[in-house]
């Protein structure tokens, strides 16, 4: 191993295992640097850390990590890659919900389908879900650093074997429990005859889509392999293919069988077509993710020998302990969808609110957290507190910078946006008004949820899963309590708004616990970059008048959905331009003052 440059090996393909993530190594052809020790992330950071903490002592000579500027650039580049491709995926996901609502209409069958076809996703989240990346990426990064790609494939294959056994058992249990699931999803239907029909059709649908639990597991394993190697494009873009296939399935089913059909008129063939199309879409998504894993050299055969590998056992135990972190949000979503089913078209409104929430957060704060996780894991593995703190502060700054303008745009444009999203059979004033209020709540929730996710990623990078577990449990309790209060509200749009407020309440509770814990473990390193956050706030205030002017212009001009979309798009670009210019000017001035 070289001191100033990674020479590579057959195991790593000639690059450092974490290169391209957040720690691009110095190339001795481009720059001459003094050889530092393993715990010194940069020359400047070394001096600061050593002076501030006299107990730090240099160990054996090892790799040289990037300078702060290079780390900053790499984190920004990877965050932009994740955000761009996730934007495509989330946009198609949002379009999927809109198309389903437009084709199926404000009917009880639409409620049954919208809630039923996502049951496998909810169940998969109960056993692993997004926690899979939080737990497995640090494990794979450590395995690559210890033994190269062969060792990483061993660990990944053994964890995959454990996951596939668990998910296969869950598929069988879900198919057996399909009638119980269908019963809970059809409880909100008042007419006994329609409720019985809805129960039967939902049972059939859940049975058809149950294999998606196993397919989702394969897709996430491929995604984890790519992220661990610093490859984010295909991992973030592949879900768009799943959405497009399902959109085409719904459109074709509506064209052939008819639109706006309620339970009495929906043929069984239509449910079969929708169920098989949904499962096929997930299968194609999984195939693309496994192809991506093969490209980065981490496609491996699942192994049943996880009990004989201490690293694999440690990962599976962390996954098992973290089930609540994924299960609680999924269970909360299930409760909200079940309660929303008491309002015709209510599942559409709540599910669309979820879709917008995830779309915005995954192109802002959550995109940053995914890009920063491998670098945070490497710094934690090296016990490099200075680099860990620096990477956290950069990630937090990026997350806030990306989330604040989205908050302003959606909060101000919530009414026109709801008018654009409500199409076809769902274009009713009784739903557009509540949807607008829900979107305004989502504008705040995407920022809060992104901060919570970023903090959880940082704690998982340190192999700390206790606080994320407790935060998730507290968030679930808060969400369910607030959602239960919605039953006291009339079964109309106001109940739907209350259900979305429950999402925000849960996110606030989780973010408070996670960030409080992270602040303690980062000390004595600084927790935030005050100058950067102040600049983001100034830029946000500057864009508010522009955004308000755009809303007024759209309101005065009126017109159809396309004209409103054009005005909001152009106005949004102008507002973002003002935000970027003010942010850049503020940052430049503060940098000049600091120098």
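In my numbering, the protein residues as written are 84 to 678.
Quick reminder that beta carbons are idealized off the backbone N, C-alpha and C, glycines included.
Please report the residue range of the alpha helix (DSSP H) in which residue 606 lies. Within the chain shown, residue 606 is the residue found at index 523, counting from 1. In the DSSP annotation of this structure, residue 606 is not part of any alpha helix (DSSP H), being labelled neither H nor E.
Reducing DSSP to helix, strand and coil, say where residue 261 ends up. Mapped onto the chain shown, residue 261 falls at position 178. Of the three classes helix, strand and coil, the one that applies to residue 261 here is helix, per DSSP.
Straight-line gap, residue 546 to residue 217 (C-alpha atoms, nearest Å): Along the chain shown, one-based indexing puts residue 546 at 463. Along the chain shown, one-based indexing puts residue 217 at 134. Taking the Cα positions, residue 546 is about 9 Å away from residue 217.
Does residue 570 come out as helix, strand or coil in the three-state DSSP assignment? Your numbering for residue 570 matches position 487 in the chain shown. Here residue 570 carries a helix assignment [DSSP, helix/strand/coil].
Stretch pair the stretch 248-260 + the stretch 202-214: three plus CB contacts closer than 8 Å: Per the Cβ contact rule, the stretch 248-260 is in contact with the stretch 202-214 (3 or more Cβ pairs under 8 Å).
Would you kindly check if the distance between the Cβ of residue 670 and the Cβ of residue 618 is under 8 Å? Counting from 1 along the chain shown, the entry for residue 618 is found at position 535. Counting from 1 along the chain shown, the entry for residue 670 is found at position 587. In this structure, residue 670 lies closer than 8 Å to residue 618 by Cβ.
Of all the options 349, 372, 567, which has the alpha carbon lying nearest to the alpha carbon of residue 191? By 1-based counting over the chain shown, the position of residue 191 is 108. Check the Cα spacing between residue 191 and each of 349, 372, 567: the tightest is with 349.
Could you check how far apart the C-beta atoms of residue 381 and residue 312 are, in whole angstroms? I think they sit under 8 Å. Position 298 of the chain shown holds residue 381. Position 229 of the chain shown holds residue 312. Going by Cβ atoms, the distance from residue 381 to residue 312 rounds to 7 Å, so yes, they are a contact pair.
For the stretch 440-457 against the stretch 523-542, are there 3 or more C-beta pairs whose distance is under 8 Å? Taking 8 Å as the limit for Cβ pairs, the verdict is that the stretch 523-542 does touch the stretch 440-457.
Looking at the structure shown, is residue 352 part of a helix, part of a strand, or coil, going by DSSP? Residue mapping note: residue 352 aligns to position 269 of the chain shown, counting from 1. DSSP places residue 352 in helix when its eight states are reduced to three.
Which of the three DSSP states is assigned to residue 662 in this structure? Residue mapping note: residue 662 aligns to position 579 of the chain shown, counting from 1. Three-state DSSP puts residue 662 in a helix.
If residue 304 and residue 246 are in contact, beta carbons under 8 Å, what's the gap, nearest whole angstrom? What you label residue 304 is simply residue 221 of the chain shown in a count that begins at 1. What you label residue 246 is simply residue 163 of the chain shown in a count that begins at 1. Indeed they touch by this definition, with Cβ atoms about 7 Å apart.
Go to residue 466, then tell me how far its alpha helix (DSSP H) extends in each direction, as first and last residue. Taking the first residue of the chain shown as position 1, residue 466 is located at position 383. According to the DSSP assignment, residue 466 belongs to no alpha helix (DSSP H), since it is labelled neither H nor E.
As a quick exercise: from 242, 496, 371, pick the residue whose alpha carbon is nearest that of residue 321. In the chain shown, counting from the first residue as 1, residue 321 sits at position 238. Out of 242, 496, 371, 371 has the C-alpha closest to the C-alpha of residue 321.
Looking at C-beta atoms only, is the number of pairs between the stretch 628-646 and the stretch 590-606 that lie closer than 8 Å three or more? By the Cβ rule, the stretch 628-646 does not count as touching the stretch 590-606, because fewer than three pairs are nearer than 8 Å.
Please report how far the alpha carbon of residue 557 lies from the alpha carbon of residue 588, in whole angstroms. If you number the chain shown from 1, residue 557 lands on position 474. If you number the chain shown from 1, residue 588 lands on position 505. Their Cα atoms are separated by approximately 10 Å.
Assign residue 229 to one of two classes, buried (16 or more other C-beta atoms within 10 Å of its C-beta) or exposed (fewer than that). The residue you call residue 229 lines up with position 146 of the chain shown. By the Cβ-count criterion, residue 229 is exposed, with fewer than 16 other Cβ atoms from all chains shown falling within 10 Å of its own Cβ.
Let me make sure I understand the geometry here. Which of 208, 657, 238 has the alpha-carbon closest to that of residue 396? As a first step, residue 396 is located in the chain shown; it is residue number 313 there, counting from the start. It is 238.
Three-state secondary structure assigned by DSSP to residue 273: In the chain shown, counting from the first residue as 1, residue 273 sits at position 190. Residue 273 sits in coil when the DSSP states are folded into three classes, being neither helix nor strand.
Residue range of the unbroken alpha helix (DSSP H) whose run includes residue 306: Taking the first residue of the chain shown as position 1, residue 306 is located at position 223. According to the DSSP assignment, residue 306 belongs to the alpha helix (DSSP H) that extends over 295-311.
Contact the stretch 570-577 vs the stretch 401-415: 3+ CB pairs below 8 Å: In this structure the stretch 570-577 does not touch the stretch 401-415; the number of beta carbon pairs closer than 8 Å is below three.
Report the CB separation of residue 423 from residue 268 in whole angstroms; it is logged as a contact under 8 Å. Residue mapping note: residue 423 aligns to position 340 of the chain shown, counting from 1. Residue mapping note: residue 268 aligns to position 185 of the chain shown, counting from 1. About 11 Å separates the two Cβ atoms, so there is no contact after all.
Keeping to the same chain, check which residues put their C-beta closer than 8 Å to that of residue 394; ignore five residues upstream and five downstream. Here residue 394 corresponds to residue number 311 of the chain shown, with the count starting at 1. Taking residue 394 as the centre and dropping the five residues before and after it, the same chain places the C-beta of 222, 225, 226, 238 closer than 8 Å to its C-beta, in chain order.
Mapping the DSSP letters down to three states, classify residue 278 as helix, strand or coil. Within the chain shown, the letter at position 195 stands for residue 278. Residue 278: helix per DSSP, three-state reduction.
Please return the same chain residues whose Cβ sits closer than 6 Å to the Cβ of residue 104, not counting the five positions on each side in sequence. The sequence position of residue 104 within the chain shown is 21, counting from 1. Only weak support exists for where residue 104 lies, its pLDDT of 36 falling under 50; the value from the coordinates is given anyway. Beyond the five residues adjoining it in sequence on each side, residue 104 comes within less than 6 Å, by CB distance, of 313, 457, 458 in the same chain, given in chain order.
Which residues in the same chain as residue 415 place their Cβ atom closer than 7 Å to its Cβ, once the five residues preceding and following it in sequence are excluded? Here residue 415 corresponds to residue number 332 of the chain shown, with the count starting at 1. The residues are 559, 562, 563, 589.
Helix, strand or coil at residue 285 [DSSP, three-state]: Translated into positions along the chain shown, residue 285 becomes position 202. Correct three-state label for residue 285: helix.
Through-space distance from residue 613 to residue 135, alpha-carbon basis: Counting from one through the chain shown, the residue named residue 135 turns up at place 52. Counting from one through the chain shown, the residue named residue 613 turns up at place 530. Note that residue 135 scores 39 on pLDDT, short of 50, meaning its location in the model is unreliable; the coordinates nonetheless yield the value given after this. Cα-Cα distance, rounded: 20 Å.
Judging by CA-CA distance, which residue of 360, 665, 352 is the nearest neighbour of residue 484? Within the chain shown, the letter at position 401 stands for residue 484. Comparing Cα positions, the closest option is 665.
Rounding to the nearest angstrom, what Cα-Cα distance links residue 521 and residue 532 in this structure? For the purposes of this step, residue 521 is taken as the residue at position 438 of the chain shown. For the purposes of this step, residue 532 is taken as the residue at position 449 of the chain shown. Distance from the CA atom of residue 521 to the CA atom of residue 532, rounded to whole angstroms, is 16 Å.
Through-space distance from residue 368 to residue 193, alpha-carbon basis: Within the chain shown, the letter at position 110 stands for residue 193. Within the chain shown, the letter at position 285 stands for residue 368. Cα to Cα, residue 193 sits roughly 24 Å from residue 368.
Tell me the DSSP secondary structure of residue 445 in three-state form. By 1-based counting over the chain shown, the position of residue 445 is 362. When secondary structure is reduced to three states using DSSP, residue 445 falls in the helix class.
Quick check: the stretch 292-300 against the stretch 321-341, are there 3 or more CB pairs under 8 Å? Segments in contact, no.
Determine the direct distance from the alpha carbon of residue 374 to that of residue 153, and round the result to whole angstroms. Taking the chain shown and counting its residues from 1, one reaches residue 153 at position 70. Taking the chain shown and counting its residues from 1, one reaches residue 374 at position 291. Caution applies to residue 153, whose pLDDT of 48 falls short of 50 and renders its modelled position unreliable; the value that the coordinates give is listed next. Approximately 30 Å between the Cα atoms of the pair.
So, residue 526 versus residue 490, is the Cβ gap smaller than 8 Å? Your numbering for residue 526 matches position 443 in the chain shown. Your numbering for residue 490 matches position 407 in the chain shown. For residue 526 and residue 490, yes; Cβs fall inside 8 Å.
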